[in-house]
Every structure is written in C-alpha cells, then in structure tokens.
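Trainee: Using full-length UniProt numbering, the letters of the sequence shown map in sequence onto residues 1 to 297.
Cβ atoms here follow ideal geometry from the backbone N, Cα and C, with glycine treated the same way.
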Amino acid sequence: MGASYSTNAAPTVRAEAMMAAAPPQGCPMHQEAPPVKVSPPVECPMHQAPPAVPPPAECPMHQAPPAKASPPPECPMHKAEPVPSHQERAYEFVQCPMKGAEGGKSDIDPSNMMPPPNQTPAPDQPFSLDLVREESTIPRHNSENKWVYPSEQMFWNAMLRKGWRWREDDLGSQDMTNIIKIHNTNNEQAWQEILKWEAMHAGECPCGPTLKRFGGKAKEFSPRARMRHWMGYELPFDRHDWIIDRCGREVRYIIDYYDGEINTENYRFSILDVRPAVDSLDAVWDRMKVTWWRWTS
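#1: I'd like to know whether the C-beta atoms of residue 188 and residue 244 end up nearer to each other than 9 Å.
#2: Rounded to a whole number of angstroms, what is the C-alpha to C-alpha distance between residue 247 and residue 144?
#3: So who's on the other strand from residue 274, going by DSSP bridges?
#4: Excluding five sequence neighbours on each side, which residues of the same chain lie with their C-beta closer than 7 Å to the C-beta of residue 157?
#5: According to the neighbour-count rule (16 or more other Cβ atoms, all chains shown, within 10 Å of its Cβ), is residue 242 buried or exposed?
#6: Identify whether residue 165 lies in helix, strand or coil by the three-state DSSP scheme.
#7: Please report the distance separating the alpha-carbon of residue 294 from that of residue 211.
#8: Indicate whether residue 190 and residue 272 have their beta-carbon atoms separated by less than 9 Å.
#9: Measuring CB atoms only, is the stretch 123–134 touching the stretch 173–183, in the sense that at least three cross pairs come out at less than 8 Å?
#10: What are the start and end residues of each continuous alpha helix (DSSP H) run of 4 or more residues lying completely inside the stretch 151–195, in chain order?
#11: Taking the alpha carbon of residue 254 as the reference point, which residue from 286, 290, 217 and 260 has its own alpha carbon closest?
#12: How many angstroms separate the CA atom of residue 140 from the CA atom of residue 57?
#13: How is the alpha helix (DSSP H) around residue 284 delimited, first residue to last?
#14: Are the Cβ atoms of residue 133 and residue 149 separated by less than 9 Å?
#15: Excluding five sequence neighbours on each side, which residues of the same chain lie with their C-beta closer than 8 Å to the C-beta of residue 146?
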C-alpha cells in the first residue's frame with residue numbers, strides 16, 4: 001500500500017506547480033488594451049453649426065454713413081461774384097494774331113446789333129479810336145480768365161466821364177495808342193511787384209494770388225507819400241489800391257505812381273512804389289522784413 005501511494009502523489013505536485021506558474025509579462029494578456037474613442041453620431045447637436053445671429057440694427061455696420069453736409073447757401077462759395085462791367089464781353093475785343101488787320105462783327109452785340117456802350121465813340125470825337133483790347137497776365141478772381149485792358153475808345157470815354165475835354169492839338173490818335181501801351185505796361189509792372197511780396201506766402205497760397213478789384217485814389221495820398229513829400233520828394237501823380245485774394249484771404253496793396261524817364265522801348269515812364277497796406281499784423285511784419293532785407297543787402 002505504501003508503494004502505490006507514493007506513485008500517485010508525484011504527478012499531482014507537478015500539475016499544481018505548472019498551474020501556479022504565471023505567463024511572461026510580454027504576453028498580450030498583460031498588455032492594457034487602448035480605450036476605444038467613440039464619437040457621437042453626426043446628427044448630434046454638437047456637430048451642428050450654430051445659426052448665425054445678425055448684429056443688432058443699432059450697430060455701426062448697419063448705419064448709413066452720414067451725408068456730407070454742404071455749407072449753408074448764404075456762404076460766399078454759393079454766391080457768384082458779379083463780373084465787372086468793363087470786363088463783360090471783354091474777350092470779344094481781344095485781338096487774335098491771325099485777325100490783326102481784319103475787321104469783324106465781334107464788336108456787335110447780336111441781341112441788339114449795337115456795340116457795347118463803353119466802346120461807342122463819343123459825340124464830336126475828332127478821330128476814330130481802336131476798339132481792340134489786350135489780355136493781361138493778371139488772373140481774375142473766381143474766373144478762369146484774366147483781366148483785359150481797356151481799348152483806346154474805352155480809355156477816351158473814361159477820361160470824358162472824369163471831366164476831361166479834348167482841345168485841338170491836345171491829343172492825337174497816335175497819342176492815345178501810346179497812352180494805352182503805357183497804361184498796360186504800368187499795370188503789368190505793378191502786378192509783378194505784388195508777386196514779389198506774395199512770394200513770401202507761397203507756402204500759404206501755393207497757387208498764387210488773384211486780383212479781385214482795384215480803384216484809383218489819385219488825390220488820397222498815403223502816409224508814406226506824405227512823409228516822402230515832407231522830406232523833399234514830389235508827390236505821386238496817381239495812386240491805386242488793389243485788392244487781391246490770397247487763397248481766401250483779402251489783402252490790400254497800395255501803388256503810388258511817380259514820374260520817371262520815358263523808355264520808348266518798353267513804354268515805362270513811371271516809378272512804382274508797391275507795398276501791402278498796414279491793415280494787419282501780417283502786413284506790418286512783411287514790411288518790416290523787407291525793410292530789413294533792403295538795409296542789410
């Protein structure tokens with residue numbers, strides 16, 4: 001009996017030992033399976049784009065840009081400046097080079113078939129005068145045109161309105177031609193002198209000044225002219241005040257005309273004293289600067 005018990009016990013021990021032995025760590029059973037990521041179906045709300053909600057009507061994007069307010073109608077820019085009477089139809093009398101000697105009907109108003117009144121010969125006028133007018137280099141304010149000088153006939157009529165009366169051997173036709181040339185040359189010279197002063201304001205008014213209006217004051221001597229007279233100099237034979245526009249700003253210039261030697265080539269015989277009137281601190285400062293430059297140059 002003892003031999004048979006020993007034989008059956010050995011296999012049992014080996015079997016238990018085999019069952020107790022664990023598999024190696026590298027076996028799949030020891031590897032942790034990765035979690036399966038399950039996404040919700042596409043029908044779920046999280047996959048649906050939220051509906052676009054427009055901004056409130058009060059937001060700036062819904063507001064129309066404010067209309068650009070135009071200046072009130074009473075502002076100067078809405079008021080057309082009247083054309084001076086002596087400049088109306090002026091270009092009809094400006095002589096074209098190709099029509100220098102041709103007569104035409106440009107001096108006739110088609111509405112009444114009559115020439116303008118200031119171009120009409122005066123009663124008892126001893127000789128005929130030219131109606132041709134010359135364009136200046138002086139820009140007219142609020143216009144694309146330039147100022148146009150008077151004709152011989154217009155100048156004659158203007159002298160009559162001032163009380164002048166012709167006497168025999170007083171003036172001839174050629175004298176009136178020379179007077180017009182001198183008149184035009186003096187005005188061109190005056191404008192060039194004004195431009196010299198205005199050059200100091202080129203930054204303020206890069207487009208340059210324009211002439212608004214002018215007037216003669218032959219008997220109203222300026223303080224400067226009187227002071228020169230007290231120092232022994234002669235009084236000017238004429239004075240003009242020119243009002244220019246410096247890019248929206250009015251500036252007054254005083255022009256005193258003194259007798260000088262006649263230049264038969266360019267018809268200059270006047271000495272011009274041109275300067276801004278002492279109407280503002282800017283004008284005072286300009287005159288002080290120019291005086292200093294003249295003394296130190």
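Mentor: By the coordinates alone:
#1: The residue labelled residue 188 in the question sits at position 188 within the sequence shown. The residue labelled residue 244 in the question sits at position 244 within the sequence shown. Contact flag unset, no.
#2: For this step, residue 247 is matched to residue 247 along the sequence shown. For this step, residue 144 is matched to residue 144 along the sequence shown. Computed Cα separation, rounded: 15 Å.
#3: Within the sequence shown, the letter at position 274 stands for residue 274. The partner list for residue 274 (beta bridge, DSSP) reads 255.
#4: Counting from one through the sequence shown, the residue named residue 157 turns up at place 157. Excluding residues within five positions, the ones whose Cβ falls inside 7 Å are 118 and 122.
#5: Locating residue 242 in the sequence shown gives position 242, where the first residue counts as 1. Result: buried.
#6: Mapped onto the sequence shown, residue 165 falls at position 165. DSSP places residue 165 in coil when its eight states are reduced to three.
#7: Numbered from 1 along the sequence shown, position 294 holds the residue referred to as residue 294. Numbered from 1 along the sequence shown, position 211 holds the residue referred to as residue 211. Taking the straight line from one Cα to the other gives about 27 Å.
#8: Within the sequence shown, residue 190 is the residue found at index 190, counting from 1. Within the sequence shown, residue 272 is the residue found at index 272, counting from 1. In contact: residue 190 and residue 272 (Cβ atoms closer than 9 Å).
#9: yes
#10: 152–161
#11: For the purposes of this step, residue 254 is taken as the residue at position 254 of the sequence shown. Ranking the options by Cα distance to residue 254, first place goes to 217.
#12: The residue labelled residue 140 in the question sits at position 140 within the sequence shown. The residue labelled residue 57 in the question sits at position 57 within the sequence shown. Roughly 52 Å between the two C-alpha positions.
#13: Residue 284 sits at position 284 when you count from the first residue of the sequence shown. From DSSP, the alpha helix (DSSP H) with residue 284 extends over 281–296.
#14: As a working mapping, residue 133 is identified with position 133 in the sequence shown. As a working mapping, residue 149 is identified with position 149 in the sequence shown. Yes; because the gap between Cβ atoms is below 9 Å, this pair is in contact.
#15: In the sequence shown, residue 146 corresponds to position 146, counting from 1. For residue 146, where only same-chain residues beyond five positions count, the Cβ hits under 8 Å are 135, 136, 137, 138, 139 and 140.
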